[in-house]
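Chains as they are written, first to last, in our numbering: chain R, 717 to 982; chain W, 10 to 402.
This is the structure:
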């Protein structure tokens, strides 16, 4: 099967997963928030503080999967003037300073307007390692976009929720070659994970499926106890809203090391 | 059937189900079950009996003599304004509450702009004794205060949407977020022919009663079931799709969809999606929507909250693209004047949404024997304050 030219070189994300299997920490932030031109500074600080990879959001006016914290950051980023062209130029600079994997996350409509092919080409050029488009479902991805993503060595990273059927999880595991984004619960972003037997049962069920891709837990990871619970059964976890809240405060760059330590429990 | 949906949920290039994974099981459940449920004899029997005895259907098809005289054609009004709760929205709400009941759902959510769909949903929830939560933009709550009170009186909880522009599109976002957070026990009653498949098709089928009755009634009036023109206003497009549905394959029937131009198509304050929009993805379907070059959704404007939506349903996008229906627009002022004219010629005060359809009569050239049907989708009680302010009564 021809997966395009770039997949022959293992991207940073695959290298990371090959080297490290446990307690992987990814941190999400919205590009352009709280200030338009601090994407690189935040990314550098996160890398230095010990984040394993980054998830950078490109803002959208109508983010239906997001709670108030990330919605607000998106709105502010748009008001600040963030768009995909600017973000790609920031990422170009970012790649000369930051070596950990970078994933882009954003909704389908801005990608469609930018042009799916142009988006994938640009993302690959500036050193993006994966893409999450939460409102791009499996059927549409497979029939309309998969070949274009593959041509540039990218694969869409799919979400899996507690309601996703086993058959569908298998299908998603086949379709992707980076990781499975496991939602901690059926929820929008920013609702804290409630540690319970149900969560254990759900994580265990996924673990027992022995998927080919790593599983990384996102949504609701706000502190060390949630991070540790996620990592007990999975390869790592993503912190989003909790970090975006930190960015809303004063001296946020200086506070990043302490934040990352607190999540990791160091 | 060349204009209907395919198995994957597409109308030509438009439609589909662009939803986050968290909503996939809900949408899949609907997709697999809705068709079977709504064609079951017991469902049909309850649906038809409620439409007849509770809603008051069939709604009359009325030959508007003085309006006909003025415009030189035979103009018939499909009186959806006479339905219980005052608009066509109740047709879909009845259909979906019966569906939700059969799916075993215990809680209903809905979005509303002008409040007509919210009122219709609160009404059917009261009828069935099911918990009801309606999301409504904070700005719309202020400009449609009587409908907020009606929903509360009917026992619904009205939740203000305070994000973004605080109008219909944000209420829709909030309702989708609620559904993501409550995937098992809740059914989302979408009020228009928008959203992920199967919603556009399901809502169109519940609203198709409008054109099914119109055909039959027109045959009784004129001896033929096909008009020369069918005209309706379009926000998301549910009353228009109901009015067009049974005429789609009768190509002799010219379909005219009237959008809200607001203060003028080029004024920067408009909701004329077919002119100002581009193809993209909004609220779960690929359609035509108003957006910036960066793909950010643009806030539309219309004096009528029911037409104040930045997209149109995917089937409308298809009918527009293949030119089966003709999409035009009418300004606030033209609509208000048409509302006044209908009041004084026929003794009917229309909703400002519906008044947009009537305003387009001014721009048409008819032959004396042309038959025209217009969907009078709602009554104007909710808009009295706007009319009063504009005309200074």
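Here a beta-carbon is modelled for each residue, glycine too, at the ideal position from N, C-alpha and C.
Item                                                                                                                                       : Value
Distance between beta carbons of residue 881 of chain R and residue 902 of chain R, contact taken as under 8 Å                             : Actually they do not touch by this definition, with Cβ atoms about 14 Å apart.
Exposed unless 16 or more other CB atoms sit within 10 angstroms - verdict on residue 198 of chain W                                       : buried
Proximal chain W residues relative to residue 787 of chain R, where beta-carbon distance stays under 7 Å                                   : 172
Cut-off 8 Å between Cβ atoms - residues of its own chain near residue 132 of chain W, not counting five sequence neighbours on either side : 93, 94, 99, 102 and 163
Contact set between residue 963 of chain R and chain W, taken where Cβ atoms lie within less than 7 Å                                      : The premise fails here: residue 963 of chain R is roughly 19 Å from chain W at the closest Cβ pair, so nothing lies under 7 Å.
Beta carbon proximity, residue 851 of chain R to chain W, threshold 8 Å                                                                    : yes
Alpha carbon of residue 857 of chain R to alpha carbon of residue 355 of chain W, nearest angstrom                                         : 53 Å
Backbone CA spacing between residue 341 of chain W and residue 978 of chain R [nearest angstrom]                                           : 56 Å
For residue 799 of chain R, the three-state DSSP class (helix, strand or coil)                                                             : coil
CB of residue 892 of chain R within 8 Å of CB of residue 874 of chain R, strictly                                                          : yes
Length of the line joining the Cα atoms of residue 307 of chain W and residue 300 of chain W                                               : 5 Å
Nearest-angstrom Cα separation, counted from residue 207 of chain W out to residue 400 of chain W                                          : 42 Å
Entirely enclosed beta strand (DSSP E) segments - the region 842-904 of chain R, minimum 3 residues                                        : 846-848 and 896-899
Rounded straight-line distance, which links the Cα of residue 848 of chain R to that of residue 823 of chain R                             : 8 Å
Closer than 8 Å at the beta carbon, the chain R residues around residue 143 of chain W                                                     : Those within 8 Å of residue 143 of chain W in chain R number zero; the least Cβ separation is about 18 Å.
Inter-stretch contact at 8 Å, needing at least 3 Cβ pairs: the region 60-79 of chain W / the region 15-35 of chain W                       : no
According to DSSP, residues forming a beta bridge with residue 150 of chain W                                                              : Beta-bridge pairing links residue 150 of chain W to no other residue.
One or two residues paired with residue 238 of chain W in a DSSP bridge                                                                    : W:263 and W:381
Which of helix, strand or coil DSSP assigns to residue 720 of chain R                                                                      : Confidence at residue 720 of chain R is low in this model, with a pLDDT of 42, below 50, so its placement is unreliable and the value that follows should be read with caution. DSSP places residue 720 of chain R in coil when its eight states are reduced to three.
Burial state of residue 718 of chain R, where buried means 16 or more other Cβ atoms lie within 10 Å                                       : The predicted model places residue 718 of chain R with a pLDDT of 40, which falls under 50 and marks its position as unreliable, so this point remains unresolved.
Residue range of the alpha helix (DSSP H) that includes residue 185 of chain W                                                             : 177-190
Sequence-distant residues of the same chain with beta carbon closer than 7 Å to residue 303 of chain W, five excluded per side             : none
Close-in-space but distant-in-sequence residues of the same chain around residue 136 of chain W (CB under 6 Å, 5 per side omitted)         : none
Where residue 294 of chain W sits in the DSSP three-state scheme                                                                           : strand
Limits of the unbroken beta strand (DSSP E) element including residue 318 of chain W                                                       : No beta strand (DSSP E) holds residue 318 of chain W; DSSP gives it neither H nor E.
Three-state secondary structure (DSSP) of residue 339 of chain W                                                                           : strand
Partners in chain R for residue 458 of chain W, counting only beta-carbon separations shorter than 8 Å                                     : Nothing about residue 458 of chain W can be read from this structure; chain W reaches only from 10 to 402.
6 Å CB neighbourhood of residue 264 of chain W in its chain, flanking five on each side removed                                            : 239, 253 and 334
Proximal residues of chain W, C-beta to C-beta of residue 830 of chain R below 8 Å                                                         : 303 and 304
Residue-level contact to chain W via CB, residue 931 of chain R, 8 Å cutoff                                                                : no
Neighbour flag for residue 778 of chain R against chain W, beta carbons, 8 Å                                                               : yes
Residue 112 of chain W (DSSP reduced to helix, strand or coil)                                                                             : coil
Nearest-angstrom Cα separation, counted from residue 939 of chain R out to residue 960 of chain R                                          : 13 Å
Which of helix, strand or coil DSSP assigns to residue 365 of chain W                                                                      : helix
Sequence ranges, beta strand (DSSP E) only - wholly within the region 93-143 of chain W, length at least 3                                 : 116-121
Own chain partners of residue 291 of chain W with C-beta closer than 6 Å, once the 5 adjacent residues on each side are dropped            : 298 and 320
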